[in-house]
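Novice: Residue numbers (my numbering), protein chains in the order written: chain A, 23 to 152; chain B, 13 to 177. A virtual CB, placed ideally from N, CA and C, is assigned to each residue, including glycine. Bear in mind that the values here come from a model prediction, so they are computed numbers and not experimental data.
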């Protein structure tokens, strides 16, 4: 499972959307609900390399949420940011994670063509790869 | 397997939160002996372990738990003569008298796995190592000094729940 899909499952498990219904990867289909999430890869880089070859890699995931209810966008994104930056143990299925953090805080991307507020945050996920 | 945080830090039954930093030191005294044949042997002596934590949450309630030997309760007298009027009590840091027994508990540093991996420093007493005042927040450094008995380990690693009580 690629990391974007695994992260979508993490979001789903924590109550942020249902994959294929209002949570998507790469973009939002035409018939998606007004209130929808989508995530996309935002790049990354190798952080460290062990003498024995294992690496810590930083993946950047962009997370978007849109809704006709602008306050809901602000609330949901701040709540997700607080989860990602909390002091609890966060795990992503199939990956050994040494750190997850919201590296870009909620940002208002303005209205889309159908007057929905679009907001985004960015998560940086440090994956230990052996 | 990686042992990962966020870590839970416990001194006895007390969970310590808002720790900015923790620094564990372990040293073993050793001495070199040289033979007439030109070889050097390193002979180990006594073990010493300590951990210093930097506390961001350093109000009276927190310090009362970590420094019980310096806690002065409501209605009691400070070493400088004043009576404590606050319900929270006060902290009065003065040198211990020779007949005082230090309060000791094991310090457990627990990882976030389930079951967590535990690093235990056996039987620590506490003391204030320093205070840092920045323009934003007061930080108190508390040092946990391991004082295990001669026949006990200074430091242990195990799975939470993996030892008999």
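Between residue 118 of chain A and chain B, is any beta-carbon pair separated by less than 8 Å?
Specialist: So, interface residue.
Novice: Taking Cβ positions, are residue 128 of chain A and residue 143 of chain A nearer each other than 8 Å?
Specialist: Closer than 8 Å, so yes.
Novice: Within 10 Å of its beta-carbon, does residue 62 of chain B have 16 or more other beta-carbons around it, so buried, or fewer, so exposed?
Specialist: Buried.
Novice: Identify the contact partners of residue 127 of chain B in chain A, using a Cβ-Cβ distance below 7 Å as the criterion.
Specialist: Result: empty, since nearest Cβ-Cβ is about 12 Å, beyond 7 Å.
Novice: Drop a sphere of 10 angstroms on the beta-carbon of residue 143 of chain B, count the other beta-carbons inside from all chains shown, and report buried for 16 or more, exposed for fewer.
Specialist: With fewer than 16 Cβ atoms within 10 Å of its Cβ, residue 143 of chain B is classed as exposed.
Novice: Would you grab the beta carbon distance between residue 28 of chain A and residue 150 of chain A for me? Rounded to a whole angstrom, and I think it's under 8 Å.
Specialist: With a Cβ gap of about 14 Å, residue 28 of chain A and residue 150 of chain A do not count as contacting.
Novice: Please determine if the stretch 112-131 of chain B and the stretch 20-27 of chain B are in contact, where contact requires at least 3 C-beta pairs separated by less than 8 Å.
Specialist: With the cut-off at 8 Å, the stretch 112-131 of chain B and the stretch 20-27 of chain B touch.
Novice: Could you name the residues of the same chain whose beta carbon sits closer than 6 Å to that of residue 14 of chain B, not counting the 5 residues immediately before and after it, in chain order?
Specialist: No residues qualify anywhere along the chain.
Novice: At a Cβ cut of 9 Å, what residues of the stretch 13-43 of chain B count as close to chain A, listed as they run along the chain?
Specialist: Of all residues in the stretch 13-43 of chain B, 13, 14, 16, 17, 18, 29 have a Cβ within less than 9 Å of some Cβ in chain A.
Novice: Kindly confirm or deny that the stretch 27-38 of chain B and the stretch 69-88 of chain A touch, where touching means at least three C-beta pairs closer than 8 Å.
Specialist: Counting Cβ pairs under 8 Å, fewer than three are found: no touch.
Novice: Can you pull the chain A residues whose beta carbon is under 7 Å from the beta carbon of residue 124 of chain B, in chain order?
Specialist: Ordered by position in chain A, the residues that pass the 7 Å Cβ test against residue 124 of chain B are 111.
Novice: List the residues of chain B whose Cβ lies closer than 7 Å to the Cβ of residue 150 of chain A, in chain order.
Specialist: Here the neighbours are 14.
Novice: Quick check on the DSSP output: the beta strand (DSSP E) that includes residue 117 of chain B runs from which residue to which?
Specialist: It spans 117-122 - the beta strand (DSSP E) in which residue 117 of chain B sits, taken as one unbroken run.
Novice: Nearest to residue 90 of chain A by CA position, among A/36, A/24, A/56, is which residue?
Specialist: Selected option, being the one with the closest Cα: A/56.
Novice: Quick one: Cα of residue 73 of chain A to Cα of residue 145 of chain A, how far?
Specialist: Those two C-alpha atoms are separated by around 28 Å.
Novice: Taking the alpha-carbon positions, what's the residue 104 of chain A to residue 76 of chain A distance?
Specialist: When rounded, the distance between both Cα atoms is 30 Å.
Novice: Between the C-alpha atoms of residue 38 of chain A and residue 94 of chain B, what's the straight-line distance to the nearest angstrom?
Specialist: Approximately 56 Å between the Cα atoms of the pair.
Novice: Let me make sure I understand the geometry here. Which of B/160, B/122, B/83, B/137 has the alpha-carbon closest to that of residue 16 of chain B?
Specialist: If we check each option's Cα against that of residue 16 of chain B, B/122 comes out closest.
Novice: Residue 81 of chain A: buried (16+ other C-beta within 10 angstroms of its C-beta) or exposed?
Specialist: Per the 10 Å Cβ criterion, buried.
Novice: In the structure shown, what three-state DSSP assignment does residue 96 of chain A receive?
Specialist: Helix, per DSSP.
Novice: Just to confirm, is the Cβ distance from residue 149 of chain B to residue 68 of chain B under 8 Å?
Specialist: Yes, these two residues count as a Cβ contact at 8 Å.
Novice: Exposed or buried, which one is residue 24 of chain A when buried takes at least 16 other CB atoms within 10 Å?
Specialist: By the neighbour-count rule (16 or more Cβ atoms within 10 Å), residue 24 of chain A is not buried but exposed.
Novice: Give the DSSP-derived three-state secondary structure of residue 105 of chain A in the structure shown.
Specialist: Here residue 105 of chain A sits in helix by DSSP.
Novice: By the 10 Å Cβ neighbour count, where 16 or more other Cβ atoms means buried, how is residue 138 of chain B classified, buried or exposed?
Specialist: Classification for residue 138 of chain B: buried.
Novice: Could you say which of A/70, A/100, A/152, A/131 lies nearest to residue 123 of chain A if we only look at CA atoms?
Specialist: Selected option, being the one with the closest Cα: A/100.
Novice: Might you give, ordered along the chain, the residues of its own chain that have their beta carbon closer than 6 Å to the beta carbon of residue 179 of chain B, omitting 5 neighbours on each side?
Specialist: Residue 179 of chain B is absent from the model: chain B starts at 13 and stops at 177.
Novice: Report, in whole angstroms, the separation of the C-beta atoms of residue 158 of chain B and residue 135 of chain B, which I expect to be a contact under 8 Å.
Specialist: Confirmed, about 6 Å.
Novice: Going by DSSP in three states, residue 90 of chain B sits in which element: helix, strand or coil?
Specialist: If DSSP states are grouped into helix, strand and coil, residue 90 of chain B belongs with coil.
Novice: Take residue 161 of chain B as the anchor and find which of B/49, B/70, B/58, B/147 has the nearest alpha-carbon.
Specialist: Looking at the Cα atoms, B/58 is the closest of the given residues.
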